[in-house]
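So in numbering that gives the first Met the number 0, the last spot in the sequence shown is 224, and the numbers never skip. Built from N, CA and C at the ideal position, the CB exists for glycine as well.
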Amino acid sequence: MTEISVANLDFTEFSHSAEGMLSSSDKKIFFEGKINKKYYQQITLFRKYTLENGGSCSDIKNKVSKNNSFYGVIDGDFVREDLDRIYQIDFYSIENIVLIYHDTLDSHLENLRRDLKNHYKKEKLIRHRLIQNINCSKSFAFEKGSEINLQFYDYIDNKINNEKTFLKYMDLKKIVCSYMIFLKQDPTISKECKKAAKDYITTCKVITIDELFSKSESKRVQLEL
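Below you can see the structure in the form of C-alpha coordinates.
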(Lines of atoms letter the chains of each structure in order from A and count residues from 1; the text may use other names and numbers.)
(Lines give C-alpha, C1' and ligand atoms only; values in the text may rest on other atoms or scores of the structure.)
Protein backbone atom coordinates (compact mmCIF):
# COMPACT_ATOMS: atom_id res chain seq x y z
CA MET A 1 0.00 0.00 0.00
CA THR A 2 1.32 3.46 -0.93
CA GLU A 3 1.79 5.74 2.05
CA ILE A 4 1.08 9.46 1.60
CA SER A 5 2.92 11.93 3.77
CA VAL A 6 0.83 14.92 4.91
CA ALA A 7 4.01 16.98 4.92
CA ASN A 8 4.32 16.55 1.14
CA LEU A 9 0.79 17.67 0.35
CA ASP A 10 0.22 21.13 -1.15
CA PHE A 11 -2.39 22.70 1.14
CA THR A 12 -4.00 24.82 -1.61
CA GLU A 13 -4.31 21.81 -3.89
CA PHE A 14 -5.72 19.72 -1.05
CA SER A 15 -8.22 22.47 -0.14
CA HIS A 16 -9.53 22.72 -3.70
CA SER A 17 -9.79 18.92 -3.94
CA ALA A 18 -11.74 18.79 -0.69
CA GLU A 19 -14.14 21.50 -1.90
CA GLY A 20 -14.63 19.59 -5.13
CA MET A 21 -15.79 16.54 -3.18
CA LEU A 22 -18.60 18.47 -1.49
CA SER A 23 -22.03 17.63 -2.88
CA SER A 24 -24.32 20.46 -3.96
CA SER A 25 -26.47 19.85 -0.89
CA ASP A 26 -23.47 20.54 1.35
CA LYS A 27 -22.76 23.93 -0.19
CA LYS A 28 -24.52 27.07 0.96
CA ILE A 29 -24.53 30.38 -0.93
CA PHE A 30 -25.15 33.71 0.79
CA PHE A 31 -26.42 36.64 -1.30
CA GLU A 32 -25.87 40.25 -0.33
CA GLY A 33 -29.02 42.00 0.88
CA LYS A 34 -32.13 41.12 2.83
CA ILE A 35 -34.36 39.79 0.03
CA ASN A 36 -32.09 39.35 -3.01
CA LYS A 37 -32.08 35.56 -2.65
CA LYS A 38 -35.60 35.58 -4.11
CA TYR A 39 -34.16 36.86 -7.38
CA TYR A 40 -30.98 34.79 -7.54
CA GLN A 41 -32.74 31.52 -6.69
CA GLN A 42 -34.41 31.70 -10.11
CA ILE A 43 -31.02 31.33 -11.86
CA THR A 44 -30.53 27.70 -12.88
CA LEU A 45 -26.97 27.27 -11.60
CA PHE A 46 -27.90 28.31 -8.06
CA ARG A 47 -31.03 26.17 -7.66
CA LYS A 48 -29.27 23.00 -6.52
CA TYR A 49 -27.63 24.69 -3.53
CA THR A 50 -28.88 25.88 -0.17
CA LEU A 51 -29.43 29.63 -0.58
CA GLU A 52 -29.72 32.34 2.05
CA ASN A 53 -29.87 36.11 2.32
CA GLY A 54 -26.51 37.09 3.74
CA GLY A 55 -26.96 40.68 4.86
CA SER A 56 -24.11 43.10 4.22
CA CYS A 57 -20.93 42.40 2.27
CA SER A 58 -18.92 42.28 5.50
CA ASP A 59 -21.44 39.83 7.00
CA ILE A 60 -20.97 37.50 4.04
CA LYS A 61 -17.18 37.72 4.18
CA ASN A 62 -17.31 36.77 7.84
CA LYS A 63 -19.62 33.79 7.27
CA VAL A 64 -17.70 32.42 4.28
CA SER A 65 -14.36 32.68 6.08
CA LYS A 66 -15.57 30.31 8.81
CA ASN A 67 -16.72 27.38 6.67
CA ASN A 68 -15.27 25.90 3.46
CA SER A 69 -18.73 24.85 2.29
CA PHE A 70 -20.00 28.45 2.39
CA TYR A 71 -19.94 30.73 -0.66
CA GLY A 72 -21.03 34.30 -1.28
CA VAL A 73 -22.37 36.54 -4.05
CA ILE A 74 -21.85 40.24 -3.42
CA ASP A 75 -22.53 43.54 -5.17
CA GLY A 76 -19.93 45.13 -7.44
CA ASP A 77 -19.92 48.48 -5.60
CA PHE A 78 -17.04 50.84 -6.42
CA VAL A 79 -14.29 48.32 -5.73
CA ARG A 80 -12.96 45.11 -7.25
CA GLU A 81 -12.13 42.37 -4.75
CA ASP A 82 -10.60 38.92 -5.23
CA LEU A 83 -11.90 36.74 -2.41
CA ASP A 84 -11.95 32.97 -1.96
CA ARG A 85 -15.43 31.52 -2.60
CA ILE A 86 -16.96 35.00 -2.93
CA TYR A 87 -18.09 36.31 -6.32
CA GLN A 88 -18.91 39.89 -7.35
CA ILE A 89 -21.73 40.59 -9.79
CA ASP A 90 -20.83 42.72 -12.83
CA PHE A 91 -23.15 45.53 -11.72
CA TYR A 92 -22.97 48.08 -8.91
CA SER A 93 -25.96 46.36 -7.29
CA ILE A 94 -29.08 44.37 -8.10
CA GLU A 95 -30.94 47.67 -8.64
CA ASN A 96 -28.82 48.23 -11.75
CA ILE A 97 -30.01 44.88 -13.09
CA VAL A 98 -33.61 46.00 -12.49
CA LEU A 99 -32.96 49.30 -14.27
CA ILE A 100 -31.62 47.56 -17.38
CA TYR A 101 -33.54 44.27 -17.56
CA HIS A 102 -37.01 44.62 -15.99
CA ASP A 103 -39.36 43.68 -18.87
CA THR A 104 -42.71 44.52 -17.27
CA LEU A 105 -41.58 48.03 -16.33
CA ASP A 106 -39.39 48.58 -19.37
CA SER A 107 -41.46 51.37 -20.92
CA HIS A 108 -41.45 53.29 -17.63
CA LEU A 109 -37.80 52.60 -16.92
CA GLU A 110 -36.89 53.83 -20.39
CA ASN A 111 -37.79 57.34 -19.25
CA LEU A 112 -35.49 57.01 -16.25
CA ARG A 113 -32.69 55.51 -18.34
CA ARG A 114 -32.98 58.39 -20.81
CA ASP A 115 -32.70 60.97 -18.04
CA LEU A 116 -29.75 59.18 -16.48
CA LYS A 117 -27.95 58.98 -19.81
CA ASN A 118 -28.52 62.70 -20.37
CA HIS A 119 -27.12 63.39 -16.91
CA TYR A 120 -23.99 61.40 -17.74
CA LYS A 121 -23.52 63.25 -21.04
CA LYS A 122 -23.62 66.56 -19.20
CA GLU A 123 -21.42 65.51 -16.29
CA LYS A 124 -18.89 63.03 -17.69
CA LEU A 125 -16.83 63.26 -14.49
CA ILE A 126 -18.73 61.31 -11.83
CA ARG A 127 -18.15 62.67 -8.35
CA HIS A 128 -21.61 62.66 -6.71
CA ARG A 129 -24.29 60.12 -5.99
CA LEU A 130 -27.83 60.89 -7.14
CA ILE A 131 -31.00 61.31 -5.09
CA GLN A 132 -34.61 62.07 -5.90
CA ASN A 133 -35.51 65.75 -6.13
CA ILE A 134 -38.50 65.79 -3.78
CA ASN A 135 -39.47 69.32 -4.86
CA CYS A 136 -40.78 67.88 -8.14
CA SER A 137 -44.13 66.35 -7.27
CA LYS A 138 -45.72 65.87 -10.71
CA SER A 139 -42.81 64.07 -12.36
CA PHE A 140 -39.79 62.10 -11.24
CA ALA A 141 -36.57 64.07 -11.12
CA PHE A 142 -33.19 63.61 -9.47
CA GLU A 143 -30.33 65.78 -8.35
CA LYS A 144 -26.81 65.47 -7.02
CA GLY A 145 -26.53 64.00 -3.55
CA SER A 146 -23.51 63.27 -1.39
CA GLU A 147 -20.01 63.43 -2.80
CA ILE A 148 -18.37 60.08 -3.55
CA ASN A 149 -15.26 59.35 -1.50
CA LEU A 150 -12.13 60.21 -3.47
CA GLN A 151 -10.69 56.72 -2.84
CA PHE A 152 -13.13 55.46 -5.50
CA TYR A 153 -12.30 58.05 -8.19
CA ASP A 154 -9.76 55.92 -10.07
CA TYR A 155 -12.10 52.93 -10.15
CA ILE A 156 -15.01 55.06 -11.35
CA ASP A 157 -12.96 56.85 -14.02
CA ASN A 158 -11.72 53.52 -15.41
CA LYS A 159 -15.02 51.66 -15.13
CA ILE A 160 -17.58 54.29 -16.17
CA ASN A 161 -16.71 55.67 -19.59
CA ASN A 162 -20.01 55.82 -21.51
CA GLU A 163 -23.79 55.87 -21.00
CA LYS A 164 -24.06 52.07 -20.92
CA THR A 165 -21.42 51.63 -18.23
CA PHE A 166 -22.96 54.50 -16.25
CA LEU A 167 -26.24 52.57 -15.99
CA LYS A 168 -24.38 49.39 -15.07
CA TYR A 169 -21.70 50.53 -12.63
CA MET A 170 -22.98 53.75 -11.06
CA ASP A 171 -24.50 53.73 -7.58
CA LEU A 172 -28.18 54.06 -8.52
CA LYS A 173 -29.72 52.09 -5.65
CA LYS A 174 -31.58 55.05 -4.13
CA ILE A 175 -32.70 56.33 -7.53
CA VAL A 176 -34.22 52.99 -8.58
CA CYS A 177 -35.85 52.50 -5.19
CA SER A 178 -37.33 56.03 -5.22
CA TYR A 179 -38.53 55.58 -8.79
CA MET A 180 -40.40 52.41 -7.86
CA ILE A 181 -42.17 54.27 -5.04
CA PHE A 182 -43.05 57.00 -7.55
CA LEU A 183 -44.51 54.42 -9.97
CA LYS A 184 -46.61 52.79 -7.25
CA GLN A 185 -48.18 56.17 -6.52
CA ASP A 186 -48.75 57.09 -10.19
CA PRO A 187 -52.50 56.83 -10.93
CA THR A 188 -51.90 56.53 -14.67
CA ILE A 189 -50.04 53.21 -14.70
CA SER A 190 -51.66 49.78 -14.77
CA LYS A 191 -52.26 47.50 -11.78
CA GLU A 192 -49.82 45.02 -13.30
CA CYS A 193 -47.05 47.62 -13.38
CA LYS A 194 -47.82 48.79 -9.86
CA LYS A 195 -47.55 45.21 -8.63
CA ALA A 196 -44.26 44.79 -10.48
CA ALA A 197 -42.96 48.04 -9.00
CA LYS A 198 -43.87 46.86 -5.50
CA ASP A 199 -41.79 43.69 -5.90
CA TYR A 200 -39.35 45.04 -8.45
CA ILE A 201 -36.49 42.71 -7.53
CA THR A 202 -38.41 39.44 -7.64
CA THR A 203 -40.40 40.42 -10.76
CA CYS A 204 -37.29 41.40 -12.74
CA LYS A 205 -36.26 39.33 -15.75
CA VAL A 206 -33.87 36.54 -14.76
CA ILE A 207 -30.54 37.00 -16.51
CA THR A 208 -27.93 34.34 -17.25
CA ILE A 209 -24.75 33.62 -15.30
CA ASP A 210 -22.73 35.10 -18.16
CA GLU A 211 -24.76 38.32 -17.95
CA LEU A 212 -24.63 38.45 -14.16
CA PHE A 213 -20.85 38.10 -13.87
CA SER A 214 -17.85 39.27 -15.86
CA LYS A 215 -16.30 36.67 -18.16
CA SER A 216 -13.53 35.78 -15.70
CA GLU A 217 -15.87 35.72 -12.70
CA SER A 218 -18.43 33.59 -14.54
CA LYS A 219 -15.71 31.06 -15.36
CA ARG A 220 -14.62 30.97 -11.71
CA VAL A 221 -18.19 30.53 -10.44
CA GLN A 222 -18.92 27.60 -12.75
CA LEU A 223 -15.57 25.97 -11.99
CA GLU A 224 -15.79 26.26 -8.19
CA LEU A 225 -19.48 25.62 -7.50
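- In the three-state reduction of the DSSP assignment, Ser189 falls in the coil class, being assigned neither a helical nor a strand state.
- By the Cβ-count criterion, Leu124 is exposed, with fewer than 16 other Cβ atoms from all chains shown falling within 10 Å of its own Cβ.
- By the neighbour-count criterion, in which 16 or more other beta carbons inside 10 Å mark a residue as buried, Ser215 falls on the exposed side.
- Within the segment 55-110, the runs of alpha helix (DSSP H) at least 4 residues long that lie entirely inside it are, in chain order, 56-64, 93-100.
- His127 is a Cβ neighbour of Lys143, given a cutoff of 7 Å.
- Here the alpha carbons of Asn132 and Lys47 stand approximately 43 Å from one another.
- The three-state secondary structure of Thr164, taken from DSSP, is helix.
- Rounded to the nearest whole angstrom, the CA to CA distance from Val63 to Lys173 is 28 Å.
- Beta-bridge analysis with DSSP links Asn52 to Phe30.
- With fewer than 16 other Cβ atoms inside 10 Å of its own Cβ, Leu222 counts as exposed.
- A direct Cα-to-Cα measurement between Ile188 and Ser68 gives close to 46 Å.
- The three-state reading of DSSP puts Lys173 in helix, counting H, G and I together.
- Gln87 is classed as buried because its beta carbon has at least 16 other beta carbons within 10 Å across all chains shown.
- Ile159 sits in coil when the DSSP states are folded into three classes, being neither helix nor strand.
- Contact between the segment 169-185 and the segment 43-58 is absent: fewer than three C-beta pairs spanning the two stretches fall below 8 Å.
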